[in-house]
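This report refers to the structure that appears directly beneath it.
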Amino acid sequence: MSGSSSSECARIVRVLNGHYGHVSWWPGDTDEVLIGAVLTQQTRWENVVRGLAQLKERSLCSVAALHNADPEEIERAIRCTGFYRVKTRRLKALAGFIMEEYGGLAEMAGYPTDILREGLLRVSGIGEETADSILCYGFLRPSFVIDSYTHQICGCARIPEQTSRLKALFEQVLPPDNETYRQTHAHIVEYAKEYCGKKRCEACILVNSNG
DNA sequence: GACCAGGTCCTTG
DNA sequence: CAAGGACATGGT
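Residues are numbered in our numbering as their position in the first sequence, beginning at 1, plus a constant of 12.
What follows is the structure, encoded as structure tokens:
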């Protein structure tokens with residue numbers, strides 16, 4: 013019955029792909045995706061959208077603008093996303109890193125994925141999930157995102173692993189293609205939101221069925 | 001009113 | 001290293 017972790021992982025991918033097909037997820041230019049990646053930490057996406065709108069109204073929805081902005085004005089704009097003081101600090105740290113280390117987003121895009129990842133992880137407030145979200149959805153790199161939903165779904169499929177091992181597992185199973193990475197991660201999140209956390213976790217049922 | 005949301009950091013044992 | 005707390009607003 014239960015095969016290797018990689019075959020279980022491949023089955024999750026296949027089953028969810030059959031369940032959803034193509035989905036459109038995490039729209040926006042690179043600036044917006046980077047900012048959204050911080051705002052969405054432990055926060056519903058609808059509130060992130062509001063925060064991004066508030067930033068746009070103040071012409072603060074770009075890395076360069078945030079770098080020069082008054083922290084209190086950032087706080088006011090993103091208040092609706094919660095944790096607004098910490099997130100302001102994190103946005104400032106991220107913007108400072110990009111502007112001072114690379115001179116801007118466009119310049120940053122010329123560097124290889126592993127170098128960027130290493131740098132992002134050194135920024136205070138940027139952990140693995142946020143870094144990979146930035147790389148995958150902002151810079152369109154093949155860096156698979158592991159979040160709490162991925163852990164939930166993999167738990168359903170009896171693949172309890174650490175984040176780093178899950179990331180390696182998915183990247184080993186999937187073709188190294190950004191579009192595939194984005195689709196797969198989106199499927200996992202949508203599916204977990206829809207089916208996990210119920211009395212009888214329906215995600216477990218589908219994930220363990222024959223797709 | 002309790003509980004949770006597309007995490008991360010800091011402090012303790 | 002694992003576990004627990006802090007950060008904070010908005011929706012169910």
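All residues carry an ideal CB built from backbone N, CA and C; glycine is no exception.
Grab me the residues of residue i's own chain with a C-beta within less than 6 Å of its C-beta, minus the 5 sequence neighbours each way, in chain order.
i, result
"A169", "E20, I24, V219"
"P188", "P154"
"A143", "R129, L132, L133"
"V201", "Y161"
Under the assumption that residue i contacts residue j (Cβ atoms under 8 Å), give the Cβ distance between them as a whole number of angstroms.
i, j, result
"I90", "Q66", "7 Å"
"Q174", "V35", "With a Cβ gap of about 27 Å, Q174 and V35 do not count as contacting."
"L178", "T162", "6 Å"
Residue i to residue j, Cα distance in whole Å?
i, j, result
"Y203", "A215", "7 Å"
"A105", "G15", "44 Å"
"E69", "C166", "40 Å"
"I171", "D159", "14 Å"
"A76", "P39", "20 Å"
"R134", "G33", "36 Å"
"C213", "Y207", "6 Å"
"N29", "A81", "42 Å"
"S71", "W57", "21 Å"
"G137", "K205", "25 Å"
"G115", "Y123", "13 Å"
"S176", "E85", "36 Å"
"S221", "H31", "12 Å"
"G139", "I217", "31 Å"
"E113", "A22", "38 Å"
Candidates the options: which alpha carbon is nearest residue i's?
i, options, result
"E141", "D41, Y207, Y114, Q53", "Q53"
"R26", "K205, A143, V185", "V185"
"N17", "A180, R101, I127, E191", "The sequence shown places Ser at residue 17, not Asn. Ranking A180, R101, I127, E191 by Cα distance to S17 puts A180 first."
"K164", "L132, V135, C148, H199", "Checking the sequence shown, residue 164 turns out to be Gln, not Lys. Measuring from the Cα of Q164, the nearest candidate turns out to be H199."
"G131", "I110, Y149, S145", "I110"
"A121", "R102, R97, Y96, G150", "G150"
"E87", "G116, V201, Y96, N29", "Y96"
"S145", "R177, G30, V45", "V45"
"P83", "R101, C73, R177", "R101"
"D41", "H31, W57, S74, A22", "S74"
"A49", "L103, V201, N190", "L103"
Could you pull out every residue in the same chain whose Cβ sits closer than 7 Å to the Cβ of residue i, ignoring the five residues on either side in sequence?
i, result
"T93", "L51, T55, N59, V60, G63, K99"
"W37", "R194, A198"
"H79", "A107, G108, M111"
If the criterion is Cβ atoms closer than 8 Å, does the pair residue i and residue j meet it?
i, j, result
"F156", "E119", "no"
"D43", "L128", "no"
"L152", "T125", "no"
Within the same chain, show all residues whose beta-carbon is closer than 8 Å to that of residue i, passing over the 5 residues directly before and after it, in chain order.
i, result
"N190", "C148, L152, R153, P154"
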